[in-house]
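Peer 1: UniProt numbering numbers the first residue of the sequence shown as 1 and each following residue consecutively. Positions of the beta carbon are idealized from the N, C-alpha and C atoms, including for glycine.
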Amino acid sequence: MSNEIKHFRLTNLVLASAIALLISGCGEESLTNPPATSEPPTTNPPTTNPGTDFVIFQDQVNSAWPAWDCCGGTTPTNPVELGDYGIVTEFTVGATPAVLGFVRSQSAGPLDISAYQAKGTVEFDIKLMSAPIAGPTNWFIKLESNGGAINAGGEEAEVSITAPQVNTWQKVSIPVADLANLGLDLTSVDNFLIYPAWGTGEGAVYRVDNIKFILDGVTEPQPDPDPTPRPDADSGLKLDLTQAVTDFGGSVSQLGVADPAVLAAASSSSQIIKTTKTDGAETWAGTTLGDLTAIPFADDRQKVSVWIYSEESSIPVLLKLEDQNDGEKFVEALATTTIAGAWEKVTFDFSLPHAGTVDSSVVYDKKSIFFDFGQPGKGTVFYWDDMTFVDADSTTNPDEPDLPTEPDQITLFSDAANPKWVAWDCCGGSTPSVITDSDSQYGAVTEFVINGPTVVGFSSRADAGAVDGQPIDVSAWQDKGTVSFDLKLTNDAGATDWKFKVESASAATAVEMSLAEAPELNTWKHYQISLNDLASAGLDLANIDLLMIFPAWGSGIGSSYLVDNVVFSATGATSPTVPDEPTLPPVDNTGNLLVNGDFATDKLDPWFQVGGGSVSVINGSVRTSAGSGGEARIKQQRIGQGTLVANQSVTVTFNMKGQVTDGGVVNGVVHTESPAGVSGTEVLSLPAPTNEWVEHSFTFNIGSDPEWGLGFTLGGVCGAVAGCSVAVDFDNIRLTAN
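#1: Using only alpha-carbon positions, find the residue among Pro-79, Thr-74, Lys-212 that is nearest to Phe-124.
#2: Hey, how far is the Cα of Cys-427 from the Cα of Val-346?
#3: From Gly-201 to Pro-132, what does the alpha carbon distance come to, in whole angstroms?
#4: What are the uninterrupted segments assigned as beta strand (DSSP E) that are 3 or more residues long and contained completely in the segment 430-512, given in chain order?
#5: For a test of the three-state rule: what should DSSP assign to Thr-43, helix, strand or coil?
#6: To which residues does DSSP link Cys-718 through a beta bridge?
#7: To which residues does DSSP link Tyr-195 through a beta bridge?
#8: For the segment 166-173 against the segment 114-130, are there 3 or more C-beta pairs whose distance is under 8 Å?
#9: Our contact map puts Thr-466 next to Pro-419 with C-beta atoms below 8 Å; I'd like the distance itself, whole angstroms only.
#10: Compare the beta carbon distance of Asp-247 and Ser-253 with 7 Å and say whether it is the shorter of the two.
#11: Can you grab the Cα-Cα spacing for the pair Asp-479 / Leu-534, in whole Å?
#12: So, at 6 Å on beta carbons, what are the nonlocal neighbours of Ser-368 in its own chain, with the 5 sequence-adjacent residues on each side left out?
#13: Rank Gly-290, Glu-312, Ala-67, Gln-324 by C-alpha distance to the C-alpha of Ala-340 and give the top, closest one.
#14: How long is the line joining the alpha carbons of Glu-692 and Asp-564, rounded to whole angstroms?
#15: Mind checking if Gly-147 is an interface residue toward chain B, Cβ cutoff 7 Å exclusive?
#16: Helix, strand or coil: how does DSSP classify Ala-417 here?
#17: By Cβ distance, which residues of its chain are closer than 6 Å to Ser-555, with the 5 residues on each side in sequence left out?
#18: So is Pro-175 buried or exposed if we call it buried at 16+ other beta carbons inside 10 Å?
#19: Identify whether Ser-145 lies in helix, strand or coil by the three-state DSSP scheme.
#20: Work out the CA separation of Thr-338 and Gly-597 for me, nearest whole Å.
#21: Out of curiosity, what's the CA-to-CA distance linking Ala-294 and Ser-305?
#22: Taking the alpha-carbon positions, what's the Lys-501 to Thr-336 distance?
#23: Using alpha carbons as the reference points, say which of Pro-136, Gly-538, Asp-365 lies closest to Leu-239.
#24: Excluding five sequence neighbours on each side, which residues of the same chain lie with their C-beta closer than 8 Å to the C-beta of Val-245?
#25: With a threshold of 8 Å, are at least 3 pairs of Cβ atoms found where one atom belongs to the segment 95-104 and the other to the segment 187-205?
#26: Compare the Cα-Cα distances from Val-665 to each of Trp-65, Asp-216, Asp-731, Ala-727 and report the closest residue.
#27: My assumption, with CB atoms under 8 Å, is that Val-669 sits in contact with Pro-706. Please give the rounded CB distance.
#28: Using DSSP bridges, identify the partner residues of Gly-280.
#29: Just checking, does the segment 501-512 make contact with the segment 536-548 on the three C-beta pairs under 8 Å criterion?
#30: Using 8 Å as the cut-off, can you tell me whether the segment 97-109 makes contact with the segment 182-199, which would need three or more C-beta pairs spanning the two stretches below that distance?
#31: Beta-carbon separation of Leu-487 and Lys-525 under 7 Å?
#32: Mind checking which residues open and close the beta strand (DSSP E) that includes Ser-697?
#33: With a threshold of 8 Å on Cβ separation, who are the neighbours of Thr-490 within its own chain once the five nearest residues in sequence on each side are excluded?
#34: In the DSSP output, which residue or residues are listed as bridge partners for Val-381?
#35: Let me know the secondary structure DSSP gives Ala-258 once reduced to three states.
#36: Is it buried or exposed for Pro-296, if we count other Cβ within 10 angstroms and need 16 for buried?
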């Protein structure tokens, strides 16, 4: 870059920053709702030039559109972004709730964008620099006209957008026609705002650029009133969701809204309805459709599907069909959402009614939907679309179909909420939710948060919220059966003793035990408990109705963790970490208690992977690789079970080579394990690897209770350091008793 160009950019940057400081302002009003942005303009008539893009901000400060913070006391800045963006506007959300954006200066006057209605869009790029302290929240843009709806009695159009991501530029595009449909006066636009939901954005820092009105931004025709069905939508009678609906009990609905699941806020369907169950709404609050088409039930056709977008999982949704002229003639079906923050198809099966029964002589022409049925309103928002009376035998599977159930096992939770076994918090006041884990092997998982002394887990009891839950009987599996689950700690609050507890027949019998190994931060671990052990401890295996996994009572407050694949099995664990092939022979016959320590067959079994990095067996050795914030380790359990005695001396030996960068370490841990928990932990002090094979050896005494033998974990771990990487090879791993 030439000195002249550098000087020019620096001069522009200084000038832009000075202008931003001069023209940015802040009101001092204290409001409980997001405020409007300005008083009605009093000078200059609106002007427009439909042949030119209207630019609010692009690479330089626009004196006609100064950046602004309504109430938070911050001053938007104009840093230089590397790459193609150059000068951008940066907003910071402080402790005081605020909305931020750009306001039309009085000297410029309101803007007339009516010529843009047919095919125009407003577009901008946004990047999150720092996320809100409180975690993910909803994000919006709002345009105001004639001074805004709150302060000046004008108009506004607010549209939700997909939350921006840290360090990632994203483009947002909204058709001007959608803004007009929401009530914006296109002839007198004076404010453009971009902000997180009121009162939830403290700590957020975000940058915007290329904010402009585009005359021909809409290059495709607007969707028809009867849009193309979703790819895996059911075929059948499509009910009309464009007709006016009737809300009751505190529900508030809006028709034809933007799709919350796409960044471009233009709706992919003109029939999407947004329903808010307002704070304090009745437990029976709901919405009745305007479509009075009768539902022609038949013996082989008794299902209605609805696409639902909910910010929470495990939400009960009731669909009620009745005769509009006789409310005593009705049938109801209850279903439950299974994922959060994404569209899913929810099917209501009226052959299994919640109340009433299907009667072919009744005209079911009145249809009402009840979100979060049975719970008082708390301001939760739901989106719904594509309500279909499903053709016989036409129900399609979702994009990611449930895995087939293996024979001789009962699954309490795996990849989707189970309304018959609900996630439950006894005493901490939390609502466990289903989220999507970053590890694609797991997908949808249950998240538990420990807010105070409590126990949490999965319950089939009605008082815990289970729908049609029944105790399970696994008594026939006592001899060889197991219960297993996977657990990952996502926030470590220092708990060292973690419990597993099962109750039967409403706590008539119960067994509690410590986990053999405490969970690890950001690491999936597999646990397996023998049903015979539970029965021997006094549990009635014929009436199990509650399963709990939690830090010991009163400990671990502030912990959060994920649970998946909670399964009772007739023949043992079915986790991928258990080898499918016969046990491989030991490395040699000179006392090595490990199995497959030389990886001579190029197989990992019976070792299994811990962490989300990469583990591979190549040419008779194992390689563990991970990047920033990741780990890749191998683990073997039950080493020397039945052979080792309390406090016995053992020696661990292995060869190692590899490379680590700043923030990377090699980690080796040996646990002494038993049904009562871990009685000994030996952390191997390992140096950084070299490019040549080096033998390492450690001798130590194990713990006092090796009933289950030893667990040995070995591999590479990377801290959250930019550019960190570990790639470590191991071979000839041996563990011998002395």
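Peer 2: If we stick to the structure as given:
#1: Locating residue 124 in the sequence shown gives position 124, where the first residue counts as 1. The option with the nearest alpha carbon to Phe-124 is Lys-212.
#2: Working through the sequence shown from its first residue, we reach residue 427 at position 427. Working through the sequence shown from its first residue, we reach residue 346 at position 346. About 30 Å.
#3: Taking the first residue of the sequence shown as position 1, residue 201 is located at position 201. Taking the first residue of the sequence shown as position 1, residue 132 is located at position 132. Distance between the alpha carbons of Gly-201 and Pro-132: 5 Å.
#4: As far as the segment 430-512 is concerned, its whole beta strand (DSSP E) runs of at least 3 residues are 433-436, 444-449, 456-459, 482-491, 498-504.
#5: As a first step, residue 43 is located in the sequence shown; it is residue number 43 there, counting from the start. At Thr-43, the pLDDT of 32 sits below 50, so the modelled position is not reliable; the number obtained from the coordinates is stated separately. In the structure shown, Thr-43 adopts coil according to DSSP, grouped into three states.
#6: On the sequence shown, residue 718 is found 718 positions in, with the first residue counted as 1. Note: Cys-718 sits in a beta bridge opposite Gly-664.
#7: Position 195 of the sequence shown, counted from the first residue, corresponds to residue 195. Tyr-195 is bridged to Phe-140.
#8: A contact is defined here as three or more CB-CB pairs under 8 Å, and the segment 166-173 meets this definition with respect to the segment 114-130.
#9: Reading the sequence shown from its first residue, position 466 is the one you call residue 466. Reading the sequence shown from its first residue, position 419 is the one you call residue 419. The identity of residue 466 in the sequence shown is Ala, whereas the question assumes Thr. The Cβ separation is near 7 Å, so the contact holds.
#10: Taking the sequence shown and counting its residues from 1, one reaches residue 247 at position 247. Taking the sequence shown and counting its residues from 1, one reaches residue 253 at position 253. Pairing Asp-247 with Ser-253 gives a Cβ-Cβ distance under 7 Å.
#11: Within the sequence shown, residue 479 is the residue found at index 479, counting from 1. Within the sequence shown, residue 534 is the residue found at index 534, counting from 1. Their Cα atoms are separated by approximately 11 Å.
#12: In the sequence shown, counting from the first residue as 1, residue 368 sits at position 368. Excluding its 5 nearest sequence neighbours in each direction, Ser-368 has C-beta neighbours in its own chain below 6 Å: Gly-286, Thr-288, Lys-320, listed in chain order.
#13: In the sequence shown, counting from the first residue as 1, residue 340 sits at position 340. Closest in alpha carbon position to Ala-340, among Gly-290, Glu-312, Ala-67, Gln-324, is Glu-312.
#14: Residue numbering aside, residue 692 sits at position 692 when the sequence shown is read from its first letter. Residue numbering aside, residue 564 sits at position 564 when the sequence shown is read from its first letter. Spanning the two alpha carbons is a distance of roughly 40 Å.
#15: Note that chain B does not occur in the displayed structure, where there is just one protein chain.
#16: Position 417 of the sequence shown holds residue 417. In the structure shown, Ala-417 sits in coil (DSSP, three-state: anything other than H, G, I, E or B).
#17: Counting from one through the sequence shown, the residue named residue 555 turns up at place 555. Cβ within range, chain order: Ala-495.
#18: Here residue 175 refers to the residue found at position 175 of the sequence shown. That one is buried.
#19: Here residue 145 refers to the residue found at position 145 when the sequence shown is read from its first residue. Annotated three-state conformation of Ser-145 is strand, per DSSP.
#20: For the purposes of this step, residue 597 is identified with residue 597 of the sequence shown, where counting begins at 1. For the purposes of this step, residue 338 is identified with residue 338 of the sequence shown, where counting begins at 1. Here the alpha carbon of Gly-597 sits roughly 42 Å from the alpha carbon of Thr-338.
#21: Here residue 294 corresponds to residue number 294 of the sequence shown, with the count starting at 1. Here residue 305 corresponds to residue number 305 of the sequence shown, with the count starting at 1. Between Ala-294 and Ser-305, the C-alpha separation is close to 16 Å.
#22: The sequence position of residue 501 within the sequence shown is 501, counting from 1. The sequence position of residue 336 within the sequence shown is 336, counting from 1. Each residue's alpha carbon lies about 26 Å from the other.
#23: Here residue 239 corresponds to residue number 239 of the sequence shown, with the count starting at 1. Among Pro-136, Gly-538, Asp-365, the Cα nearest to that of Leu-239 is on Asp-365.
#24: Along the sequence shown, read from residue 1 onward, the residue named residue 245 stands at position 245. So the qualifying residues of the chain are Ser-253, Leu-255, Ile-273, Thr-287, Thr-288, Leu-289, Gly-290.
#25: Verdict: yes, contact present.
#26: Here residue 665 is taken as the residue at index 665 of the sequence shown, counted from 1. Taking only the C-alpha atoms, the option nearest Val-665 is Ala-727.
#27: Position 669 of the sequence shown, counted from the first residue, corresponds to residue 669. Position 706 of the sequence shown, counted from the first residue, corresponds to residue 706. Distance from Val-669 to Pro-706 at the Cβ level is roughly 15 Å; contact not present, criterion being Cβ atoms closer than 8 Å.
#28: For this step, residue 280 is matched to residue 280 along the sequence shown. Partner(s): none; Gly-280 has no beta bridge.
#29: Touching, per the Cβ criterion.
#30: These segments touch.
#31: Here residue 487 refers to the residue found at position 487 when the sequence shown is read from its first residue. Here residue 525 refers to the residue found at position 525 when the sequence shown is read from its first residue. Judged by their CB atoms, Leu-487 and Lys-525 are nearer to each other than the 7 Å cut-off.
#32: Here the question's residue 697 lines up with position 697 in the sequence shown. Unbroken beta strand (DSSP E) run through Ser-697: 694-701.
#33: One-based indexing of the sequence shown puts residue 490 at position 490. Residues Glu-447, Leu-521, Asn-522, Ser-560, Tyr-561, Leu-562 of the same chain have their beta carbon placed closer than 8 Å to that of Thr-490, with the five preceding and five following residues left out of the count.
#34: Counted from its first residue, the sequence shown places residue 381 at position 381. According to DSSP, Val-381 bridges with Thr-276.
#35: Here the question's residue 258 lines up with position 258 in the sequence shown. Ala-258 falls in the coil class under three-state DSSP.
#36: Counting from 1 along the sequence shown, the entry for residue 296 is found at position 296. In this structure Pro-296 is exposed. Its beta-carbon is surrounded by fewer than 16 other beta-carbon atoms within 10 angstroms.
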